[in-house]
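There are 2 protein chains.
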Amino acid sequence: MALNVAPHSQQACDTCPIRPHAVCAGSPPDQLVVLEGLKFRRSFTAGQVVVWAGEEMDFVASVVSGVAELGRELEDGRRQMVGLLLTGDFLGRPGRAIAPYTVVAATDMTLCCFRRPQFEQLLTKMPALANRLLEMTLDELDVARDWMLLLGRKSARERIASLLVLLARRESAMIGQIPTDRIAIELPMTREAIADHLGLTLETVSRQLAALKADKVIVLDGKRRVTVPSFAALVAESAAA
Amino acid sequence: MALNVAPHSQQACDTCPIRPHAVCAGSPPDQLVVLEGLKFRRSFTAGQVVVWAGEEMDFVASVVSGVAELGRELEDGRRQMVGLLLTGDFLGRPGRAIAPYTVVAATDMTLCCFRRPQFEQLLTKMPALANRLLEMTLDELDVARDWMLLLGRKSARERIASLLVLLARRESAMIGQIPTDRIAIELPMTREAIADHLGLTLETVSRQLAALKADKVIVLDGKRRVTVPSFAALVAESAAA
DNA sequence: CGTCGGATTGAATGCTGTCAATTCCGGTGG
DNA sequence: CCACCGGAATTGACAGCATTCAATCCGACG
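Chains A and B, in that order, give the protein sequences.
So the first sequence is numbered by the numbering used here: it starts at 14 and just counts up by one.
So the second sequence is numbered by the numbering used here: it starts at 14 and just counts up by one.
This is the structure we're talking about:
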């Protein structure tokens with residue numbers, strides 16, 4: 014795969030928007046300088062594959078902007094999304110050369126990359142980096158396990174509601190609010206992508222959205238915009254733990 | 014909850030059976046001595062709850078012997094197992110006081126414990142410990158994501174076969190072999206526990222085991238012992254990725 | 001021998017998937 | 001500006017798989 018390294022990739026970490034949330038958060042200034050010298054950026058357009066499951070992956074990265082999806086699939090084509098990488102999230106695995114899942118850019122996306130062997134070296138020398146990565150990995154593990162509950166036990170309607178709750182919480186967090194009523198949610202994905210996340214078919218997704226609309230739990234403005242009259246009602250539909 | 018600390022818990026780490034695989038693996042001798050001085054053991058009988066989801070958890074631990082199950086549940090009682098802790102696995106989360114899932118001893122079990130604040134201290138000072146924990150956490154994340162594929166996309170029959178493949182691989186690994194034919198698998202759990210892992214009902218588990226038996230993919234010796242005439246055939250049934 | 005929990009089996013319901021037809025919407029070109 | 005196109009989404013009919021509810025079986029243990 015051609016490395017589309019951006020020219021002048023040495024943008025300063027000082028001004029990096031994801032610093033407070035990324036792996037590099039918490040690293041002291043002298044270590045940040047080292048990171049700054051080794052990083053390089055790569056950009057992807059929506060729909061582009063970053064790595065295929067089973068392929069070699071010689072770098073690790075932080076998502077600077079955009080969204081990436083982690084998916085795993087069976088030989089016959091059945092697909093399950095197993096993770097979402099949002100701004101600041103970490104991609105790749107120190108100590109493993111082969112990617113265990115396919116990574117696709119869901120939107121246009123920019124990554125801040127490090128060559129894997131170099132990054133592994135850094136981990137042994139920079140405890141702050143290792144600890145931040147551990148913390149992030151533990152968070153992802155919790156998210157994955159919550160999703161297991163959804164996939165294993167929730168009905169189609171509950172899965173849709175759960176996803177909407179998740180998205181609503183995120184939109185609210187963006188503007189520093191806790192979710193209240195009349196939230197507008199932008200669905201950042203097609204029905205098929207939603208289905209692949211929830212372990213459903215796209216037809217079922219469509220039907221359950223229609224059902225939630227009919228029951229006045231949500232209002233649909235066009236295909237991709239949802240407004241929620243009562244957040245509490247939506248949470249009730251999601252069968253929260 | 015009463016701490017049932019074993020008297021004379023200061024068993025030597027030298028002779029500890031899980032040393033090669035646990036968090037402490039890779040720590041240099043001088044650091045092991047520190048760990049040895051701080052550890053204490055706790056034992057649980059099969060079925061006993063170690064912590065409830067939402068409860069405070071003031072320690073972290075390695076499983077010395079036995080099996081523990083991590084589960085999450087909905088208000089109405091639906092339950093999904095989200096992890097299995099086997100010999101050597103790590104329990105608890107540095108930096109988080111509240112347990113996100115319920116932990117139950119599936120068999121009689123012994124833990125090698127550390128008080129959480131002390132352990133967090135150690136992590137910052139012992140890079141080998143932090144790196145081993147990171148590695149183990151990344152492994153668990155991969156396992157969780159594989160399971161998401163199973164829960165989201167596989168049929169009941171495929172889920173059962175997948176579980177048997179997993180157990181067969183583990184039994185074989187124990188004796189240092191790769192799985193071949195005529196493997197004997199011991200099911201370490203009830204039908205209900207299997208169902209909770211696979212996101213099924215216990216009736217479906219029972220039916221699919223019967224179906225696999227009828228199709229001569231497996232042989233049932235009593236309720237809890239399965240032998241596999243052809244491992245390849247079993248793998249084919251599991252819809253491997 | 002009786003009991004109790006776990007496991008199996010049966011019948012019926014219902015949710016979700018499958019297949020297929022149709023509609024909606026955004027973009028493109030005449 | 002409008003007609004057309006193609007992909008996304010919706011809707012309908014039907015089939016099938018897993019769940020639900022219920023009855024029975026099995027095996028360990030007193």
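Glycine included, every Cβ here is placed at the ideal spot set by N, Cα and C.
On a predicted model such as this, the values are computed, not experimentally measured, just so you know.
Interface residue (Cβ-Cβ distance to chain B less than 7 angstroms): R158(A) is classified as such. The Cβ atoms of V156(B) and S251(B) lie no closer than 7 angstroms to each other.
In this structure, DSSP gives I231(A) a state outside helix and strand, which the three-state scheme calls coil. Listed along the chain, the chain B residues whose CB falls inside 8 angstroms of the CB of T137(A) are P140, N144. Within chain A, the residues placing a beta-carbon under 8 angstroms from that of G108(B) are E148, L151, ordered along the chain. Contact annotation, S75(A) with V36(A): C-beta distance approximately 6 angstroms; criterion of less than 8 angstroms satisfied. Within the region 94-126 of chain B, those residues whose Cβ lies closer than 9 angstroms to any Cβ of chain A are, in chain order, M94, V95, G96, R106, P107, G108, R109, P113, Y114. Residues are counted here when their Cβ sits less than 7 angstroms from a Cβ of chain B; for the region 164-185 of chain A these are L164, G165, R166, given in chain order.
Contact check for G105(A) against R92(A) fails: the beta carbons are separated by 7 angstroms or more. Runs of the alpha helix (DSSP H) lying entirely within the region 18-56 of chain B and spanning at least 4 residues, in chain order: 42-51. A169(B) is a Cβ neighbour of L213(B), given a cutoff of 7 angstroms. Note that the C-beta distance between F53(A) and R129(A) is not below 7 angstroms.
Residue state for Q93(A) is assigned as strand, using DSSP reduced to three classes. Contact holds between the region 31-47 of chain B and the region 133-142 of chain B, because three or more Cβ pairs, one in each stretch, are under 8 angstroms apart.
L87(A) and E68(A) have their alpha carbons spaced roughly 16 angstroms apart. Contact between V241(A) and A181(A) holds, since their C-beta atoms are separated by about 6 angstroms, short of 8 angstroms.
Close partners of R204(B) in chain A (Cβ separation under 8 angstroms) are lacking, with about 16 angstroms as the shortest Cβ gap. Taking a beta-carbon distance threshold of 7 angstroms, R91(A) counts as an interface residue toward chain B. Relative to V46(B), the option among D27(B), L154(B), G60(B) whose CA is nearest is D27(B).
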